[in-house]
């Protein structure tokens, strides 16, 4: 434990020096808003490392993400005298408070659904939210946001009973898209495609698939396959010929 504290204190001191009087000009210029793109970038780089299942890369990217937390905490400390200590203290309190089934015997939470149900109810009470959905960040990508909304709604029992029910809804929304395609009304088409994407995200969620991750992998697969036929695609090729090339790559 002592060695962890030494390295953690060292990290904090390094950041203080980088932001100090004789520190790095670039680091000294940054604020919470200017750092946001880097926070997102490091998060996605960690996701990529996890998807590749490369342990050394995961360690490196976790470090880069931790740097962003320390960076923001140092800026906060300079403005309010409250930094990483307060961040960790509040986190510790929150974790204990939201896991009574682990840290006390007052609650009987028997499975992950009951845990999530208690967690969402507790957050709504503590944060004085009007709705259980209010805490889902607008800044999330649309697929991730849809997943969180679906996840939160299920804790109150708002969910499809089985895959057949969801697939029925997927078909219903697809038919609505086809109907709008025929009417050629762009606004209606956008709405129906959005509904279709939302229901497909629900289908993924109920089957323990992260739609964002699934699309990420599909994008990579498309890039890999497209590169194999890219130089073979000519302006005079028909749709049938292009699809023929695509099918060969798939096989």
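Residue numbers (my numbering): 63 to 313. The C-beta atom is built at its ideal place from N, Cα and C for all residues, glycine as well.
Option in 138, 214, 175 with minimal Cα separation from residue 193:
By one-based count along the chain shown, residue 193 stands at place 131. For the residues 138, 214, 175, the minimum Cα distance to residue 193 belongs to 214.
Who are the near neighbours of residue 238 in its chain, counting only those whose CB is closer than 8 Å to its CB and skipping five residues on each side?
Here residue 238 refers to the residue found at position 176 when the chain shown is read from its first residue. Once the five neighbours on either side are set aside, the close Cβ partners of residue 238 are 254, 257, 258.
Cβ neighbours of residue 234 in the same chain (closer than 7 Å, five flanking residues each side left out)
Counted from its first residue, the chain shown places residue 234 at position 172. Closer than 7 Å at Cβ, skipping near neighbours: no residue.
Using a Cβ-Cβ cutoff of less than 6 Å, which residues in the same chain neighbour residue 46 once the five nearest sequence positions on both sides are dropped?
The requested residue 46 is not part of the displayed model; the chain covers only 63 to 313.
If I follow the unbroken alpha helix (DSSP H) through residue 134, where does it start and stop?
Your numbering for residue 134 matches position 72 in the chain shown. That run of the alpha helix (DSSP H) goes 117 to 142.
When DSSP labels each residue in this structure, what does residue 197 get in the three-state scheme?
Counted from its first residue, the chain shown places residue 197 at position 135. Looking at residue 197 - three-state DSSP - the assignment turns out to be coil, as it is neither helix nor strand.
What do you get for residue 77, buried or exposed, if any count of 16 or more other CB atoms within 10 angstroms of its CB means buried?
As a first step, residue 77 is located in the chain shown; it is residue number 15 there, counting from the start. The residue in question, residue 77, is buried, as its Cβ has 16 or more Cβ neighbours within 10 Å.
Would residue 104 pass as a contact of residue 129 if the rule is Cβ separation under 9 Å?
Start at 1 with the first residue of the chain shown, and residue 104 comes out as number 42. Start at 1 with the first residue of the chain shown, and residue 129 comes out as number 67. Yes, they are a contact pair.
Below 8 Å on the Cβ atoms is my contact criterion, and I expect residue 261 with residue 231 to pass it. Report the Cβ-Cβ distance as a whole number of Å.
As a first step, residue 261 must be located in the chain shown, where it is residue number 199. As a first step, residue 231 must be located in the chain shown, where it is residue number 169. Confirmed, Cβ separation roughly 5 Å.
Residue range of the alpha helix (DSSP H) that includes residue 257:
As a first step, residue 257 is located in the chain shown; it is residue number 195 there, counting from the start. From DSSP, the alpha helix (DSSP H) with residue 257 extends over 248 to 268.
Going by CA-CA distance only, name the one from 127, 91, 226, 92 that's closest to residue 108.
What you label residue 108 is simply residue 46 of the chain shown in a count that begins at 1. With distances taken between Cα atoms, residue 108 lies closest to 127.
Is it true that the CB of residue 163 sits closer than 9 Å to the CB of residue 177?
Start at 1 with the first residue of the chain shown, and residue 177 comes out as number 115. Start at 1 with the first residue of the chain shown, and residue 163 comes out as number 101. For residue 177 and residue 163, yes; Cβs fall inside 9 Å.
Can the beta-carbon of residue 310 be found less than 9 Å from the beta-carbon of residue 291?
In the chain shown, counting from the first residue as 1, residue 310 sits at position 248. In the chain shown, counting from the first residue as 1, residue 291 sits at position 229. Their beta carbons are under 9 Å apart, which means residue 310 touches residue 291 by this criterion.
Enumerate in chain order the residues of its own chain whose CB-to-CB distance from residue 112 is below 8 Å, with the five nearest sequence positions on each side excluded.
Position 50 of the chain shown, counted from the start, is the residue given in the question as residue 112. Excluding sequence neighbours, residue 112 sits near 120.
Within 10 Å of its beta-carbon, does residue 229 have 16 or more other beta-carbons around it, so buried, or fewer, so exposed?
Working through the chain shown from its first residue, we reach residue 229 at position 167. By the 10 Å Cβ count, residue 229 comes out exposed.
Local conformation of residue 179 per DSSP, three classes:
Translated into positions along the chain shown, residue 179 becomes position 117. Here residue 179 sits in helix by DSSP.
Residue 314 and residue 252 look like a contact to me (Cβ under 8 Å); what is the Cβ gap, rounded to whole Å?
No answer is possible for residue 314: the residues shown for the chain start at 63 and end at 313.
Kindly indicate which three-state DSSP category residue 313 falls into: helix, strand or coil?
Position 251 of the chain shown, counted from the start, is the residue given in the question as residue 313. Coil, per DSSP.
Other residues of its chain near residue 198: CB distance less than 8 Å, five sequence neighbours each side excluded
Locating residue 198 in the chain shown gives position 136, counting from the first residue. Its chain contains 207, 210, 211, 214 as the residues whose beta carbon lies nearer than 8 Å to that of residue 198, once the 5 sequence neighbours on both sides are disregarded; these appear in chain order.
Inter-residue Cα distance where the pair is residue 82 and residue 89
Start at 1 with the first residue of the chain shown, and residue 82 comes out as number 20. Start at 1 with the first residue of the chain shown, and residue 89 comes out as number 27. Cα to Cα, residue 82 sits roughly 9 Å from residue 89.
Find out if the Cβ-Cβ distance for the pair residue 94, residue 134 is shorter than 9 Å.
Stepping through the chain shown from its first residue, residue 94 is reached at position 32. Stepping through the chain shown from its first residue, residue 134 is reached at position 72. It is a contact, given that the beta carbons lie within the stated cut-off.
Alpha carbon to alpha carbon, how far is residue 85 from residue 70? Give it in angstroms, no decimals.
If you number the chain shown from 1, residue 70 lands on position 8. If you number the chain shown from 1, residue 85 lands on position 23. CA-CA distance, residue 70 to residue 85, rounds to 19 Å.
In this structure, does DSSP put residue 70 in helix, strand or coil?
To locate residue 70, count along the chain shown from 1; it is residue 8. DSSP places residue 70 in helix when its eight states are reduced to three.
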